[in-house]
Amino acid sequence: MFFVASLPLHAQPQAWGWDDGTVPYVNTPMEIVERMLRMAEVKSGDYLIDLGSGDGRIVIEAAKRGARGLGVDYDPRLVKVATGNARRAGVADRVRFETRDIFDTDLSRASVITMYLLPDFNAKLLPRLLGLKPGTRIVSHDGGIGDWPPDERLEVRAPEKTVGVGGLSRVELWIVPADAHGAWSSELGAHGGAWRFNIAQKFQVLEVGAVAQGRDLLVRASRLRGKEIKLVVTGVVNDHAWHHLFTGTLRGERIDGQVTVSDGNVTKIHPWRATRAR
Ligand SMILES: C[S@@+](CC[C@H](N)C(=O)[O-])C[C@H]1O[C@@H](n2cnc3c(N)ncnc32)[C@H](O)[C@@H]1O
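The opening residue of the sequence shown carries number 2 in the numbering used here; numbering runs sequentially from there.
In structure tokens:
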């Protein structure tokens, strides 16, 4: 059971958002909170920060799953309500609520960020969110983050919802990508010789060129999820048609992982290590 401060806190919003671009208090329906936490795979060991925490429900539900968390809201009445709700839920030792402006909040400790703000507001947060640790999950209810495409997106019926579009909620997930851009070289040993990957990057979207023994190969698919990179390459190497699946973890100037090589009959797995040429 959640207690909310009696509205109007400023005045009741007639529509979603105020004309001056500030974000009023409207809570996320509990079933959407559940979806958000599931999408971010919140678990024990996570540190979740809710930007504009209202009655504290997102942070409190995360704490019930074993996470720790911080909620910030610039309305001290809501911070008081959230603190009381956390005590009643028995999670006061794992969460904190602070009266603070989102723009004055240190986000560096977060493994998960949640928000139910307005798109214009989110767009201003984009550079800070994109600069968080690779792998940090960001989940937003009803609001994109500028031109950063989400990694996952879900539309859910939310009959309890009183604002927004027709009782529908949009839940989106972004995973802060590692820096993968540049020219990477690797040596696949006896089997494949010298390989070079040229990677252009915008957010988590990669454009990859692969060259093995001086020949351009076809990169059929690429994916970057936090620090995890996956490349699917096909082409002729050593006069033989091969399919290569590279999977690895980006750590600064290195990628460590493995490559699964198959020619349709035989499949072999080799270690894969690449280094970035500066
Ligand atoms: C739409 S409510 C969401 C509440 C809660 N996160 C939820 O989903 O139920 C947005 C909250 O952000 C707070 N807020 C808006 N702008 C803020 C800012 N610049 N700094 C801190 N809090 C802010 C509002 O007071 C409000 O409680």
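We put the beta carbon where it would ideally sit given N, CA and C, even for glycine. Since this is a predicted model, take the numbers as computed values, not measurements.
Find the nearest neighbour of residue i within the set the options, judged by alpha-carbon distance.
i      : options                        : result
Gly249 : Lys228, Arg221, Arg216, Gly265 : Lys228
Gly136 : Phe122, Asp152, Leu126, Gly145 : Asp152
Val113 : Ala68, Phe104, Gly168          : Ala68
Phe98  : Leu71, Val260, Ala124, Gly265  : Leu71
Ala278 : Gln259, Asn239, Ala222, Ile200 : Ile200
Leu189 : Ala63, Lys269, Asp105, Ala111  : Lys269
Thr115 : Glu161, Asp76, Asn28, Val237   : Asn28
Gly193 : Thr235, Pro178, Leu207, Glu208 : Thr235
Arg171 : Val157, Leu219, Thr100, Arg197 : Val157
Thr261 : Lys231, Ala41, Lys134, Met40   : Lys231
Ser187 : Arg274, Leu218, Asp107, Arg78  : Arg274
Lys44  : Asp74, Met37, Asp217, Ala63    : Ala63
Arg88  : Arg78, Asp76, Ile61            : Ile61
Arg101 : His244, Asp240, Ala90, Asp74   : Asp74
Arg129 : Asp107, Pro150, Asp148         : Asp107
Between residue i and ligand 1, is there a pair consisting of the residue's CB and a ligand heavy atom that are separated by less than 7 Å?
i      : result
Leu218 : no
Arg274 : no
Ile139 : no
Thr29  : yes
Ser109 : no
Thr23  : yes
Phe104 : yes
Asp223 : Here residue 223 is Ser; the residue named in the question, Asp, does not match the sequence. No - ligand 1 has no heavy atom lying nearer than 7 Å to the Cβ of Ser223.
Leu79  : yes
Asp51  : yes
His142 : yes
Arg39  : no
Arg58  : yes
Gly55  : yes
Asp76  : yes
Val73  : yes
Leu130 : no
Leu118 : yes
Tyr48  : no
Heavy atom of ligand 3 less than 7 Å from the Cβ of residue i, yes or no?
i      : result
Asp148 : As presented, the structure is devoid of ligand 3, carrying ligand 1 as its sole ligands.
Beta-carbon of residue i versus every beta-carbon of chain D: anything under 8 Å?
i      : result
Pro160 : Among the chains of the structure shown, chain D does not appear; only one protein chain is present.
Please look up how many angstroms separate the CB atoms of residue i and residue j, rounded, as I've assumed it's under 8 Å.
i      : j      : result
Ala195 : Leu251 : Not a contact, Cβ separation roughly 20 Å.
Val34  : Ile59  : 5 Å
Val174 : Val24  : The question names Val, yet the displayed sequence has Leu at residue 174. Actually they are not in contact, since the Cβ atoms of Leu174 and Val24 sit about 20 Å apart, beyond 8 Å.
Ile176 : Arg226 : 5 Å
Exercise for the section: Examine the Cβ distances between the stretch 48-58 and the stretch 173-184 and report whether three or more of them are shorter than 8 Å. Expected result: With the cut-off at 8 Å, the stretch 48-58 and the stretch 173-184 do not touch.
Practice task
Taking 8 Å as the threshold, find out whether the stretch 211-219 comes into contact with the stretch 137-145 through three or more Cβ pairs.
Solution key: no
Practice task
Mind the definition here: the stretch 50-64 touches the stretch 114-123 only if three or more C-beta pairs lie below 8 Å; say whether that holds.
Solution key: Of all C-beta pairs linking the stretch 50-64 to the stretch 114-123, three or more are shorter than 8 Å, placing the two stretches in contact.
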